[in-house]
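Asks: Residue numbers (our numbering), protein chains in the order written: chain P, 2 to 447; chain C, -12 to 278.
The beta-carbon is built from N, C-alpha and C at its ideal position, and this holds for glycine as well.
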Amino acid sequence: MNAESVVPKIAAGAALLGATGGVVGAFAVLRRRSLLGDTLAHAALPGICIAHLLLATRDLWALSVGALLAGLLGVVCVTAIPKWTRTREDAALGLVLSTFFGVGVVLLSIAQQRPTGAQAGLDSFLFGEVAALRGRDVRVLAVVAAVSLAATAVFFKELKLLCFDEGFAAAQGWPTYTLDLAVMSGVALVTIVCLPVCGVVLMAAVLIFPCVTARYWSNRLGVVLLLSAVLGAAAAALGVLSDQIEAALFTASPGGLPPGPMIVLVSGLFFAASLLAAPERGLIARGVQTLRTRVEVVTDHVLREMYEFGEETGGQANIPGRQLAARVSSDPLTLRLVLALMRWRGWLEADAGGTLRLTPSGGTEAAGVTRTHRLWEIFLVSRADIAADHAHRPADELEHFLPRTLVAELEAELARTGRLPQPAAATAAGHVPPSLHAPATTEDRA
Amino acid sequence: MLHLHAHPGPPHVSVPPVDPLAADDPQAADAVGAAGGSVPAVEVHDLTVAYRRKPVLWNIDFQTPEGRLVGIVGPNGAGKTTLIKAILGLTPLASGRVEIYGKPYAAQRRLIGYVPQRESVDWEFPVTVRDVVLMGTYGRIGWVRRPGRAERATADRCLEQVAMSEFAARQIRQLSGGQQQRVFLARALAQDAMVYFMDEPFAGVDAATEEAILTLLRTLRERGKTVFVVHHDLQTVQNYFDDVVLLNLRLVASGPVAEVFTTDNLQRTYGGRLTILEQAAEAVGRGEASR
């Protein structure tokens, strides 16, 4: 067969497989049955071997029936063992998975020793084989894909409800048992159909990876499913084609790379990229968020400490850097970053000796920050009955996260109850009420 | 619409959008009216639930008239949640039957609203607040059809009822416990029911939400709805509820709080559990408290 002409066909078949696995697998993941496909796939191996030994055929239909029967038996065992014995489900899963797989591998080696077995190439079921994507298999794949994707689209609402809140669905009268059975049958069907391509060992990845990866990018079930399909298709197509790509790039003839592991590798790459780069949920986004919050908090501290230092020393605003560091509870690295940012914003000046001084605009900021802090303290003491010497901490924890509107409300509240320490006219931004407590000592702040 | 009872299961005929709290829901009025005004909203006969050989609820028997707030009270493991699930058909009955407005439960599903325990679902699930509330309308939409403009309007109104409108587009993970509870309440409101069953709606919520839920319960009562609430805090039973169902595997007592919520009955409900008993005694009244 001409390699050039089959490549698009293989890619299309693989994409179909990946998309179906992604969408159907998403329901398994969302129903918290991620390992159902894994169990099925591993447990299928002895079925494949037994079917081959009994019927002496490598007809895919016969082998698939064997795979399905053995796989279902495995699933039954996983459900039954925790129910009837005192073994937990995760342990049962481990037991069944390894036992079935062990039996499968033993049977496989027996089959391989027989003359027909070696030709049948049963060992390709372990890690999958691209050749399985040729000819008739693709048509089966297409039918399964069409049915499961169409069913997902048609019963989207019902499946969503089932996966989110089974009890509520049942109370509304939906046949949750039947729906659940349909979903799990879908997973089983897709698993068995994908087995020859992906292999029993890594089948689970085809089902689990797309949904888990898609989840990083969206909070809507519809979008998650769509993305699962796209990611699954891309990973499967790239994984299957990797052999061709590798052949084109490095060696003369294809045939080295097994598709199962390659699909997993590509899926893993997608996942890692999402884990790092996804907005909001990704590690980078979360790290930036955390850092930004910390910088905001420490900036507020520095401003307030400098303002209070000025108060204590009677308007003298130069503070040695080391003294400031002792007053602000922050790690040196963040403090350094904050000071650099403040200088960049033009709030801070430093001389060669390391003495820091607020600029006029920095002074205004500092007054504002200190004012909010003290208003909160007054509020907490007068409203929440917190002792004056204890108000500092909670005020400190809250104020950095207050929206401006709430500060305005706070001022209004304090003004209304006559607790704003100055007549309303003097409350224009910039006026800072005196501190409630004696300036905290350095030890307090450590 | 008159053929409502001919169809068991959820895919009932579609209905025009109605205010979730409106008492003049034509369908509900039909289902209720057909039974007559004097029929109890909920009647539980001889209900027994058993897990394998161990009975978890024995011969529960009570009836509740329309428009009452009913607290289901009992110690941990007394079968409070099981009672609700048995009434809703989520747990198979060993014996007994449940009637809603004089008809078997299966024929009256449309009249039921349900608030499960908050922990019963995965709050990481990729849905928004509005999606969840919309699920309340699924029962009357029926198979395959998607919620339309009318259902979305209903959902938005229900969110407004629980003061959660501004969170409609949020993913549910980003809510506090009290907010999650309100979302569940809004979903039950969207069911547009006559009888509500709520499993510990007050558990782990902040004071503001507790107050909001209480106000909502009272509004529901004003509109002639009947609400069953699994409740843990004995201190507030008298203040919150009209009726109480005291449960400890068997029914200890049921009826108006004033008659049933007595030290004696609480002692029988809570048995030897002293700390709870002391709480109860306190709740029943300082002068009457026994030691």
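Would you check if the region 179 to 188 of chain C and the region 207 to 227 of chain C touch, i.e. whether three or more CB-CB distances between them fall below 8 Å?
Replies: yes
Asks: Helix, strand or coil: how does DSSP classify residue 149/P here?
Replies: Working through the first sequence from its first residue, we reach residue 149/P at position 148. Residue state, collapsed to three classes: helix.
Asks: Please list, in chain order, the residues of the region 166 to 191 of chain P that have any C-beta partner in chain C closer than 7 Å.
Replies: Under the 7 Å Cβ criterion, the region 166 to 191 of chain P contributes 166, 168, 169, 171, 172, 173, 174 and 175.
Asks: Are there three or more Cβ pairs, one per stretch, closer than 8 Å when the region 156 to 165 of chain P is compared with the region 82 to 96 of chain P?
Replies: The region 156 to 165 of chain P, when compared against the region 82 to 96 of chain P, does not touch it at the 8 Å Cβ threshold.
Asks: What does residue 31/P touch in chain C if you count any residue whose Cβ is under 9 Å from its own?
Replies: Along the first sequence, read from residue 1 onward, the residue named residue 31/P stands at position 30. By Cβ distance, chain C contributes 109, 112 and 113.
Asks: Any beta carbon from chain P within less than 7 Å of residue 117/C's own beta carbon?
Replies: Mapped onto the second sequence, residue 117/C falls at position 130. Residue-level contact by beta carbon fails for residue 117/C and chain P, as no gap is shorter than 7 Å.
Asks: Going along the region 155 to 171 of chain C in order, which residues come within less than 7 Å of chain P, judged by CB to CB distance?
Replies: Cβ contacts with chain P: 158.
Asks: At the level of alpha carbons, what is the spacing between residue 363/P and residue 304/P?
Replies: Against the first sequence, residue 363/P aligns to sequence position 362. Against the first sequence, residue 304/P aligns to sequence position 303. Those two C-alpha atoms are separated by around 8 Å.
Asks: By alpha-carbon positions, which one of 211/P, 141/P, 210/P and 220/P ends up nearest to residue 193/P?
Replies: For this step, residue 193/P is matched to residue 192 along the first sequence. Here the closest residue by C-alpha is 141/P.
Asks: Give the residues from the region 303 to 327 of chain P that approach chain C closer than 9 Å (Cβ to any Cβ), ordered along the chain.
Replies: none
Asks: Spell out whether any CB of chain C is found under 7 Å from the CB atom of residue 158/P.
Replies: As a working mapping, residue 158/P is identified with position 157 in the first sequence. Yes, contact with chain C.
Asks: Who pairs with residue 32/C in a beta bridge, going by DSSP?
Replies: Locating residue 32/C in the second sequence gives position 45, where the first residue counts as 1. Answer is 84/C, bridged to residue 32/C.
Asks: So, is the C-beta of residue 79/C closer than 7 Å to a C-beta in chain P?
Replies: Numbered from its first residue, the second sequence carries residue 79/C at position 92. Nearest CB-CB separation between residue 79/C and chain P: not below the 7 Å threshold.
Asks: Express the C-alpha separation of residue 29/C and residue 100/C in angstroms, rounding to a whole number.
Replies: What you label residue 100/C is simply residue 113 of the second sequence in a count that begins at 1. What you label residue 29/C is simply residue 42 of the second sequence in a count that begins at 1. So the alpha carbons of these two residues sit roughly 13 Å apart.
Asks: Nearest-angstrom Cα distance between residue 285/P and residue 294/P?
Replies: On the first sequence, position 284 is the one that residue 285/P refers to. On the first sequence, position 293 is the one that residue 294/P refers to. If I take the Cα positions, the gap works out to 14 Å.
Asks: Beta strand (DSSP E) containing residue 135/P: first to last residue?
Replies: Residue numbering aside, residue 135/P sits at position 134 when the first sequence is read from its first letter. Careful: residue 135/P lies outside any beta strand (DSSP E) and carries neither H nor E.
Asks: So residue 16/P packs on residue 234/P, CB below 8 Å; how close in whole Å?
Replies: Indexing the first sequence from 1 puts residue 16/P at position 15. Indexing the first sequence from 1 puts residue 234/P at position 233. Yes, they are in contact, since the Cβ atoms of residue 16/P and residue 234/P sit about 4 Å apart, within 8 Å.
Asks: Whole beta strand (DSSP E) runs in the region 164 to 217 of chain C with 3 or more residues, listed along the chain?
Replies: 182 to 186
Asks: Whether or not the region 111 to 121 of chain C and the region 154 to 163 of chain C are in contact is what I'm after, with contact meaning three or more pairs of Cβ atoms, one per stretch, closer than 8 Å; do they touch?
Replies: yes
Asks: Check whether the region 133 to 145 of chain C touches the region 67 to 76 of chain C, counting contact only when three or more Cβ pairs, one atom from each stretch, lie closer than 8 Å.
Replies: no
Asks: Could you pull the DSSP bridge partners for residue 256/C from this structure?
Replies: Position 269 of the second sequence, counted from the first residue, corresponds to residue 256/C. None; residue 256/C has no bridge partner.
Asks: Report buried or exposed for residue 298/C, applying the criterion of at least 16 other Cβ atoms within 10 angstroms of its Cβ.
Replies: Residue 298/C is absent from the model: chain C starts at -12 and stops at 278.
Asks: Measure the Cβ-Cβ separation of residue 172/P and residue 75/C and say whether it is below 7 Å.
Replies: Taking the first sequence and counting its residues from 1, the one referred to as residue 172/P is at position 171. Taking the second sequence and counting its residues from 1, the one referred to as residue 75/C is at position 88. Yes. Within cutoff.
Asks: Using a threshold of 6 Å, is the CB atom of residue 356/P nearer than that to any non-hydrogen atom of the ligand NAD?
Replies: Among the ligands in the structure shown, none appear at all, so the ligand NAD cannot be discussed.
Asks: Residue 222/P CB to nearest chain C CB: under 7 Å?
Replies: Here residue 222/P corresponds to residue number 221 of the first sequence, with the count starting at 1. Yes - at least one Cβ of chain C is within 7 Å of the one on residue 222/P.
Asks: Provide the residue(s) that pair with residue 179/P in DSSP beta bridges, ordered along the chain.
Replies: On the first sequence, position 178 is the one that residue 179/P refers to. Residue 179/P pairs with nothing; no bridge assigned.
Asks: Between residue 238/C and residue 193/C, what straight-line distance do the alpha-carbon atoms span, to the nearest angstrom?
Replies: Within the second sequence, residue 238/C is the residue found at index 251, counting from 1. Within the second sequence, residue 193/C is the residue found at index 206, counting from 1. If I take the Cα positions, the gap works out to 31 Å.
Asks: Kindly say whether residue 407/P, judged by its beta-carbon, lies nearer than 7 Å to any beta-carbon of chain C.
Replies: Translated into the one-based positions of the first sequence, residue 407/P becomes position 406. No, no contact with chain C.
Asks: Which bits of chain P does residue 75/C rub up against, with CB to CB less than 9 Å?
Replies: Within the second sequence, residue 75/C is the residue found at index 88, counting from 1. 168, 171 and 172, listed in chain order.
Asks: Mind listing which residues of the region 349 to 363 of chain P have their C-beta closer than 8 Å to chain C's C-betas, in chain order?
Replies: none
Asks: Is residue 155/P close to chain C? Criterion is C-beta to C-beta, closer than 7 Å.
Replies: As a first step, residue 155/P is located in the first sequence; it is residue number 154 there, counting from the start. Chain C, which has a Cβ nearer than 7 Å to the Cβ of residue 155/P, makes this yes.
Asks: With distances taken between CB atoms, is the gap from residue 173/C to residue 146/C smaller than 7 Å?
Replies: To locate residue 173/C, count along the second sequence from 1; it is residue 186. To locate residue 146/C, count along the second sequence from 1; it is residue 159. For residue 173/C and residue 146/C, yes; Cβs fall inside 7 Å.
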